[in-house]
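Sequence order for the protein chains is F and D.
Heads up, the first sequence is in our numbering, so the first residue is 20 and it goes up one at a time.
Heads up, the second sequence is in our numbering, so the first residue is 204 and it goes up one at a time.
The beta carbon of each residue, even a glycine, is placed where N, CA and C say it ideally should be.
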Amino acid sequence: MNIIEQFKEIAAADFNPLLSRAKDEGRKIMGYFCAYIPEEVIHAAGFIPYRMRTAGTRGTLKGDVYFASLNCTFVRHCFDKALNNDFDFLDGIIFMNGCDHTRRMYDNWRHADLDPSFRFMFVAPHMINSSAENRLEAEIKKLITAMEEHYGFSFSRERLRASIELYNRRRDLLGQIDQLRKADPLPIRGSEFFAIIQALTALPVEESIELLEKAIDFLKNRNVSVPSEVRVFIAAGCVEEISHLELIESSGGAIVGDNICLGSRYFDLQVDRKEEPVRALALRYLNHVSCPRMMNDFRRRIDFIKKQISERKIEAIIAEKLKFCDLWGGELFIYRREFKEAGTPLLPLELELYSGSTGQIKTRLQAFFEQVRNRHEISDELIRTAGSNYRFSED
Amino acid sequence: MLKRKKLKKNKLLRFNIYHRLNLLYWMLRIPWPVYLLMRLFRPLYERKENFLNKRWRYGLLTFGGGLTPPAEMKAMRMGAKALRDSMKGAVKAEKKGEHVVWVEWILNAEILEAFDVASFNTETLNIFGNTYGEEYPPMLIAEAEAQGVPVENCSAVKLSVGSYMMNQIPDPTLIIASSHPCDSSITIYQTLEYLTGAPTFSFDTPYWKDDDSYAYFEENMWNCISFLEEHIEKKIDWGKLKEVLDRVNEINHYLGEVCEMNRAIPCPGTMISLLFSWVIREVAIRSPQAVDMARGLYDVTRRRFEKGIGTVKDERIRIIMWFPPIGFFTYIFKWLEHEFGAVVVADFVGHISTVHIDTSEPETMVRDLAKSQMHLGMGRQCHGPVEFLTEELGRLIEDYSADCVLFMGHNGCKHGWAALKIVKDYLKERNMPTLYLNLDIMDNRHTSEEELREQIRTFFVSNGWA
């Protein structure tokens, strides 16, 4: 099994041998929910940060008792796993006010009185400005105090600096792999890249750095390009199903750019080593490629995509949202208008995790890629309109 | 298939300003004949909208359909003037090319009084679109959806996009938004900023209600003032702010007292009045007539309270209505009272639970104004943990001696649906009979008025109350 396959195997499961070994060695694991929670703080407190996931789900039978059918499949699957004790290896959990669905995870977890006993609600601002930077800095300090009080240890700034070094190194290595995605021919598939990041969020950082270095070596002189495939940018929030990304690729797309949570958002920007560490973390986590929950940043998000399009010779955009996600729904509205004007073909997809509707999606992808390949000029038909359930007739 | 009607610029708004609110204001100078006429002709418009009553039905029913006593209607008259003047101000400002500042619905526009610019509540047509006919709000919603606004977004804010796209509200020069009460607001105000190109200030609502959170929101308020000063090119007038906040304190005092009196058995007030006050608060808080209206409602309720009279003669059921109120069926309160002797004694938005604003210094005004914005109905319950929803509900059940709860399961409230199990368990522990309605508060295509009536009727029958 090569290193990429190893990463893929880890990404496909909710628990892995490296975590198991760490647990046996007495290390603690802290679950967390969103790209705005600084892993460095968790690591410096002596925990292995573990991003909450739905991998290994058995469905939503139990989750649906707490969450309604109007809630997204991420929370329904994830909470189902929690109710099935799939996360019983966690020693603590940090929730976040990421969106209306995930913030209620905090409430339902407490209501169901599930383990672990350390449950912290991390409140991240919805704005990017100096007030929000101060606010996030204060919130990180609050998290540190809460962990100190609960676990009875004294937080060390020096350890935090060391953790920042490790995570900066990891981000740097991921950035190096990301740069390879600009190349033509491609040395790495998009699905492989996202599998690496997904795996990293469930691995001890120390081991993961070693694995990433191996991966970079492995990718040298590798060519995985497929003739006539379309270079695409993928815009989305929660993309956990690697098989879905493989479906995009097998339908004729090469994912060479992204703004997803477990993609660019994860490794964008380094933590400034010269700054006071908590302040530096607040600045990094607030200013990385943002998610649509950040109200005053949609223009920067559009500019990020446009820059990637130009740097990576991207021909089309696939913009995805989970069903019932208000935030990404609104974002897609803006993208559709913006990229119609820019002349970039865009395919919006509305998905449900583990829905099994691959046939339908494959057909849409194939048709889209065919149109992109054949196009000479942009046409209205190419800019799909999702959510147009209502059609008007003029009086 | 929903028909798309061509409408002239600001048609729906102008209809309300010049035909309905204006008429109401003038006619209610002599409330008794209006009351009698409304009562006499009620059979013609109460049951269903038709081509004869289409332009009248919603307005008449909102004002009680001849079931609201003249004294109460007289108080509402001042509210009608406040609404008319506020909407008219925005329409005129647009025409003159002056500033029109959109203010998101769970924020109030007091601060704009201190800049002497027109403010406009972006979600106004959720209620006032109905006066032109019940198909108009769904038509505005459908317009937004057809243009690609996500179907799952809250219809209240989808309608704002549709209103803008169909030229039914004045174009903004500035927008003030916030991150509460839900993701729909977060996303739609980005959409509106994108579409209109208007500079936008967004309040970042904290999750908790503790000192740090209030301080952060206060900082937001200062940032908002800087934003307005920069874009309006005018310094804030602290004297004017003091004037409007003194009035807000007065409004809060009167309406708070009305809420307190509604604890009495029988309940002396009717919830439509408090709901109407909430709409005034949303749309026309800056108007001096808003105080007159609040005082008028207080006087009416106090008279009944002192005499031990209820808003209905034979009060049989006391209801807490929880979650956002239904925009297209404002008559629900009077219908419940008339048909079942059922009184909504407290609800999600009409219930006043705010802070007194200390107007002695600019600093205290900004501090308390910020705090009061976090305590507005719907905002205060939705921005944080589930306890903000359940604890207030529990308090109301106790304080208002409620017999049952009507839970408005609004489709757009994803966080509400995600907390439903907790709410259900909470109410079950208290043995509180509850009807969980599944509806869209602004879109009667989802669940119609008739379906709602039927479900509520069945609920009462099954509990032996009807």
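Which listed residue (Asp646/D, Asn647/D, Leu638/D and Thr650/D) has its alpha carbon closest to that of Thr661/D: In the second sequence, residue 661/D corresponds to position 458, counting from 1. Selected option, being the one with the closest Cα: Leu638/D.
With a threshold of 8 Å, are at least 3 pairs of Cβ atoms found where one atom belongs to the segment 209-225 of chain F and the other to the segment 193-200 of chain F? yes
Cutoff 8 Å: Val620/D Cβ touching any chain F Cβ: Numbered from 1 along the second sequence, position 417 holds the residue referred to as residue 620/D. Residue 620/D is actually Trp in this sequence, not Val. Taking Cβ atoms only, chain F reaches closer than 8 Å to Trp620/D, which makes this a yes.
Compare the C-alpha of Thr567/D against each of Leu448/D, His222/D and Leu377/D and name the closest. Locating residue 567/D in the second sequence gives position 364, counting from the first residue. When each option's Cα is compared against that of Thr567/D, the closest is Leu448/D.
So what does DSSP say about Ala131/F, is it helix, strand or coil? As a position in the first sequence, residue 131/F is number 112, starting the count at 1. Reduced to three states, the DSSP call for Ala131/F is coil.
Which chain D residues sit within Cβ distance under 8 Å of Ser150/F? By one-based count along the first sequence, residue 150/F stands at place 131. Here the neighbours are Asp407, Tyr419, Glu422, Asn423 and Asn426.
Provide the residue span of the alpha helix (DSSP H) that contains His62/F, from first to last. Start at 1 with the first residue of the first sequence, and residue 62/F comes out as number 43. It spans Glu58 to Ala63 - the alpha helix (DSSP H) in which His62/F sits, taken as one unbroken run.
is_contact[Ala255/F, chain D] using C-beta, thresh 8 Å: For this step, residue 255/F is matched to residue 236 along the first sequence. Taking Cβ atoms only, chain D never reaches closer than 8 Å to Ala255/F, which makes this a no.
Same chain, Cβ closer than 6 Å to Ser387/D, five either side skipped, listed in chain order: Indexing the second sequence from 1 puts residue 387/D at position 184. Correct list, in chain order: Asn356, Cys357, Val360 and Gly615.
Ignore the nearest five residues each way along the sequence and tell me which others in His222/D's own chain have a CB closer than 6 Å to its CB. Along the second sequence, one-based indexing puts residue 222/D at 19. Excluding positions up to five away in sequence, the list is empty.
For Met290/D, the first and last residue of its enclosing alpha helix (DSSP H): Here residue 290/D is taken as the residue at index 87 of the second sequence, counted from 1. Note, Met290/D: alpha helix (DSSP H), Pro273 to Lys299.
Drop a sphere of 10 angstroms on the beta-carbon of Glu337/D, count the other beta-carbons inside from all chains shown, and report buried for 16 or more, exposed for fewer. Along the second sequence, one-based indexing puts residue 337/D at 134. Looking at its Cβ environment, which holds 16 or more other Cβ atoms inside 10 Å, Glu337/D is buried.
Nearest CA to the CA of Glu518/D: which residue from His541/D, Leu210/D and Ile389/D? Translated into positions along the second sequence, residue 518/D becomes position 315. Comparing Cα-Cα distances from Glu518/D to each of His541/D, Leu210/D and Ile389/D, the minimum goes to His541/D.
Which residue's Cα is closest to the Cα of Asn370/D: Ser382/D, Ser381/D, Cys385/D and Gly332/D? Position 167 of the second sequence, counting from 1, holds the residue named residue 370/D. That would be Gly332/D, whose Cα lies nearest to the Cα of Asn370/D.
Check the Cβ of Tyr85/F against every Cβ in chain D and list those closer than 7 Å, keeping chain order. By one-based count along the first sequence, residue 85/F stands at place 66. The answer, in chain order, is Lys624.
Using a Cβ cut-off of 8 Å (strictly closer), state whether Val391/F contacts chain C. No chain C appears in this structure, whose protein chains are F and D.
At least one CB of chain D closer than 8 Å to the CB of Ala301/F: is that the case? Counting from 1 along the first sequence, the entry for residue 301/F is found at position 282. Cβ-Cβ to chain D under 8 Å: no for Ala301/F.
Amino acids of chain F, ordered along the chain, whose beta-carbon sits closer than 7 Å to that of Lys617/D: Looking up residue 617/D in the second sequence gives position 414. Correct list: Leu89, Asn90, Asp119, His120, Phe343 and Asp345.
DSSP-derived helix/strand/coil call for Ile228/F: If you number the first sequence from 1, residue 228/F lands on position 209. Helix at Ile228/F.
Spell out the partners DSSP gives Glu259/F in its beta bridges. Walking along the first sequence from the start, residue 259/F turns up at place 240. Beta-bridge pairing links Glu259/F to no other residue.
Assigned secondary structure, Glu595/D (DSSP; H/G/I helix, E/B strand, else coil): Here the question's residue 595/D lines up with position 392 in the second sequence. Helix at Glu595/D.
For Ile520/D, does the three-state DSSP call read helix, strand or coil? Position 317 of the second sequence, counted from the start, is the residue given in the question as residue 520/D. Note: Ile520/D maps to strand in three-state DSSP.
Just the Cα atoms here: how many angstroms apart are Glu158/F and Ala285/D? Counting from one through the first sequence, the residue named residue 158/F turns up at place 139. Counting from one through the second sequence, the residue named residue 285/D turns up at place 82. Their Cα atoms are separated by approximately 42 Å.
So which residues of chain F does Ile389/D contact, with C-beta pairs closer than 7 Å? As a position in the second sequence, residue 389/D is number 186, starting the count at 1. The answer, in chain order, is His145, Arg312, Met314 and Leu346.
Among residues of its own chain, excluding the 5 on either side of Pro341/D, which ones have a beta-carbon nearer than 7 Å to its beta-carbon? For this step, residue 341/D is matched to residue 138 along the second sequence. Leu205, Asp646, Asn647 and Arg648, listed in sequence order.
List the residues of chain D whose Cβ lies closer than 7 Å to the Cβ of Asn116/F, in chain order. In the first sequence, counting from the first residue as 1, residue 116/F sits at position 97. Correct list: Tyr410.
Using 8 Å for Cβ pairs, my map puts Met146/F next to Ser405/D. What's the rounded Cβ distance? Walking along the first sequence from the start, residue 146/F turns up at place 127. Walking along the second sequence from the start, residue 405/D turns up at place 202. 6 Å between Cβ atoms; contact.
Can you find at least 3 beta carbon pairs, one from the segment 219-231 of chain F and one from the segment 169-187 of chain F, that sit closer than 8 Å? yes
According to DSSP, is Thr382/F part of a helix, a strand, or is it coil? As a position in the first sequence, residue 382/F is number 363, starting the count at 1. Here Thr382/F sits in helix by DSSP.
Among Arg258/D, Asp606/D, Pro272/D and Tyr367/D, the one whose alpha carbon lies nearest that of Leu239/D: Counting from 1 along the second sequence, the entry for residue 239/D is found at position 36. Measuring from the Cα of Leu239/D, the nearest candidate turns out to be Pro272/D.
Within chain F, the residues that Pro375/D reaches when beta carbons sit closer than 7 Å: In the second sequence, the residue the question calls residue 375/D occupies position 172. Here the premise fails: no neighbours, minimum Cβ distance about 16 Å.
Using a Cβ-Cβ cut-off of 8 Å, state whether Cys385/D counts as contacting chain F. Stepping through the second sequence from its first residue, residue 385/D is reached at position 182. Judged by the 8 Å Cβ criterion, Cys385/D is in contact with chain F.
Roughly how many angstroms separate the alpha carbons of Val670/D and Thr514/D, rounded to a whole number? Because chain D here runs from 204 to 669, residue 670/D falls outside it and cannot be looked at.
Through-space distance from Ile522/D to Tyr335/D, alpha-carbon basis: By one-based count along the second sequence, residue 335/D stands at place 132. By one-based count along the second sequence, residue 522/D stands at place 319. Each residue's alpha carbon lies about 30 Å from the other.
For the putative contact between Gly50/F and Leu89/F, defined by C-beta atoms under 8 Å, what is the C-beta separation to the nearest angstrom? By 1-based counting over the first sequence, the position of residue 50/F is 31. By 1-based counting over the first sequence, the position of residue 89/F is 70. Not confirmed; about 25 Å, so no contact.
Is it true that the segment 570-586 of chain D meets the segment 307-316 of chain D, where meeting means three or more beta-carbon pairs spaced less than 8 Å apart? yes
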